[in-house]
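Please read the structure below before turning to the comments.
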Amino acid sequence: RRGRRYNSRRSCTMFLPRISARVFVAALLAACQLFARADAAGITDDHALATREGAPDVSLCDRADSGHRRATQRGDQMLKLGKLDIAEACYLGALKHKNDFPMALYGLGEVHTQAEDRDDLAEAAYRLAIENWPEYVDAYIALGDLHERRERNADAVASYEKALEVAPGDVMAWEAIGRHYLATSDFDKAADSYKLAVTKATNGETSPGLIVGLAKAAWGQGTQLDGAESTKKFVECVSHAEKSQGLAPDFGQAAHWNGKCRTHLKQTKKAIELLEQAVVLEPEQPEHHSFLAGELVKLGRVKEARDVIMKGMQWVEKDDAEKERLAEAASAEVDGKEEL
Numbered sequence: 277r278r279g280r281r282y283n284s285r286r287s288c289t290m291f292l293p294r295i296s297a298r299v300f301v302a303a304l305l306a307a308c309q310l311f312a313r314a315d316a317a318g319i320t321d322d323h324a325l326a327t328r329e330g331a332p333d334v335s336l337c338d339r340a341d342s343g344h345r346r347a348t349q350r351g352d353q354m355l356k357l358g359k360l361d362i363a364e365a366c367y368l369g370a371l372k373h374k375n376d377f378p379m380a381l382y383g384l385g386e387v388h389t390q391a392e393d394r395d396d397l398a399e400a401a402y403r404l405a406i407e408n409w410p411e412y413v414d415a416y417i418a419l420g421d422l423h424e425r426r427e428r429n430a431d432a433v434a435s436y437e438k439a440l441e442v443a444p445g446d447v448m449a450w451e452a453i454g455r456h457y458l459a460t461s462d463f464d465k466a467a468d469s470y471k472l473a474v475t476k477a478t479n480g481e482t483s484p485g486l487i488v489g490l491a492k493a494a495w496g497q498g499t500q501l502d503g504a505e506s507t508k509k510f511v512e513c514v515s516h517a518e519k520s521q522g523l524a525p526d527f528g529q530a531a532h533w534n535g536k537c538r539t540h541l542k543q544t545k546k547a548i549e550l551l552e553q554a555v556v557l558e559p560e561q562p563e564h565h566s567f568l569a570g571e572l573v574k575l576g577r578v579k580e581a582r583d584v585i586m587k588g589m590q591w592v593e594k595d596d597a598e599k600e601r602l603a604e605a606a607s608a609e610v611d612g613k614e615e616l
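Everything in the sequence shown is counted per our numbering, starting at 277 for the first residue and increasing by one.
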């Protein structure tokens with residue numbers, strides 16, 4: 277697909293026959309639309325992504341006229357800060373310059389995924405991104421996540437498997453399919469998937485995330501079993517979590533799952549210690565706060581549980597304030613860099 281620049285401004289003025297001025301202007305306007313021709317593998321003037329009701333004007337993005345890469349980078353920045361309207365404007369601005377730019381199309385998919393009742397638009401954007409870059413692993417994963425949210429589990433698995441077909445060693449693709457099986461409570465398949473991931477993914481044997489995935493799968497299996505078989509799985513969970521912690525001592529997820537599985541083994545003191553460690557390492561994770569608080573309540577330590585919840589809420593408020601500060605700083609940023 278290289279070299280086929282459907283939205284090239286120069287192509288609109290090449291090889292023009294001798295015609296009247298009126299016909300010339302009409303032809304020029306028809307050829308040089310805001311987006312590309314209808315047969316282009318990208319967003320067009322009449323595409324739902326460009327015409328949706330309530331779509332922001334591209335002028336809302338201060339980088340909309342700075343080229344497709346610059347506008348996309350600004351969109352990514354605004355997306356991280358939760359400024360969906362500005363992010364969408366930036367991605368649409370990027371697509372004015374290059375209507376089939378996969379990263380901008382992917383960005384639109386992310387915007388519509390986070391917005392309310394726009395799943396069809398998100399799917400369309402991801403599919404266009406993949407059409408223009410068939411090796412776009414992140415887009416396959418995002419499409420799979422969208423299918424999962426819509427309870428299209430077979431389609432979700434197919435998307436994750438396509439990501440692995442494109443990039444067999446991609447850790448995030450392996451994590452995605454394992455996470456899907458966890459989310460659908462298919463813990464046996466989750467365990468099989470993570471075990472395979474550890475051997476197939478690049479550096480999988482030393483990936484803290486994949487190994488803690490094994491811990492999660494073992495925990496799930498333990499909750500579905502009884503007696504000695506259940507205990508065996510919780511011990512296995514602790515073993516995987518400890519290995520993950522050994523690889524990444526600051527990985528809060530590993531501490532959380534280590535503690536969580538120890539609660540089933542009645543190792544209360546050590547469990548609370550690990551759960552508290554998880555909160556310190558990853559205060560942005562609500563589950564760390566809520567699970568620790570729940571365990572403290574079981575122990576009659578209600579005041580401590582309330583303090584844990586309050587600290588979690590304070591962190592969320594602090595995070596929101598920081599996002600606002602960063603958004604203001606980004607808007608005021610002086611553009612002194614050359615376009616990539």
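C-beta atoms are modelled at their ideal positions from N, C-alpha and C, and glycine is treated no differently.
Could you give the DSSP three-state label for THR320: helix, strand or coil?
strand
Can you say whether GLY489 is buried or exposed, counting buried as having 16 or more other CB atoms within 10 angstroms of its CB?
buried
So, helix, strand or coil for PHE311, using DSSP?
In this prediction, PHE311 has a pLDDT of 49, which is less than 50 and means its spatial position is unreliable; nothing more can be read from the coordinates.
Taking the alpha helix (DSSP H) that ARG339 belongs to, which residues open and close that run?
Here ARG339 belongs to no alpha helix (DSSP H), and DSSP marks it neither H nor E.
Taking the alpha-carbon positions, what's the GLU580 to ALA517 distance?
25 Å
What's the C-alpha gap between LYS221 and ALA347?
A query on residue 221 cannot be resolved here, the shown segment of the chain reaching from 277 to 616 and no further.
Could you give the uninterrupted runs of the alpha helix (DSSP H) lying entirely in the region 451-494, keeping only those of 4 residues or more?
DSSP runs (the alpha helix (DSSP H)) wholly in the region 451-494: 463-476.
CA-CA distance, THR460 and ILE548?
28 Å
Alpha carbon to alpha carbon, how far is PRO410 from ALA307? Give it in angstroms, no decimals.
With a pLDDT of 42 at ALA307, under the threshold of 50, the modelled position of that residue is not reliable, and no figure is offered here.
Indicate whether the contact test is met: 3 or more Cβ pairs, each with one atom in the region 330-347 and one in the region 383-400, closer than 8 Å.
no
Alpha carbon to alpha carbon, how far is ARG350 from LEU357?
11 Å
Between the region 415-422 and the region 432-447, do three or more beta carbon pairs fall short of 8 Å?
yes
Beta-carbon separation of GLN497 and HIS532 under 9 Å?
no
Could you tell me the distance, in whole angstroms, from the CA atom of GLY588 to the CA atom of HIS565?
6 Å
Quick one: what's got a C-beta closer than 6 Å to GLY369's C-beta in the same chain, skipping five residues either side?
VAL334, CYS337, ALA340 and ALA347
Using the Cα positions of ASP321 and MET379, report the straight-line distance between them to the nearest angstrom.
19 Å
Answer yes or no: do GLU558 and GLY528 have a C-beta to C-beta separation smaller than 9 Å?
yes
In angstroms, rounded to a whole number, what distance separates the CA positions of ASP462 and TYR382?
29 Å
So is LEU568 buried or exposed if we call it buried at 16+ other beta carbons inside 10 Å?
buried
Distance check for LEU384 and LYS508, CA to CA, integer angstroms please.
45 Å
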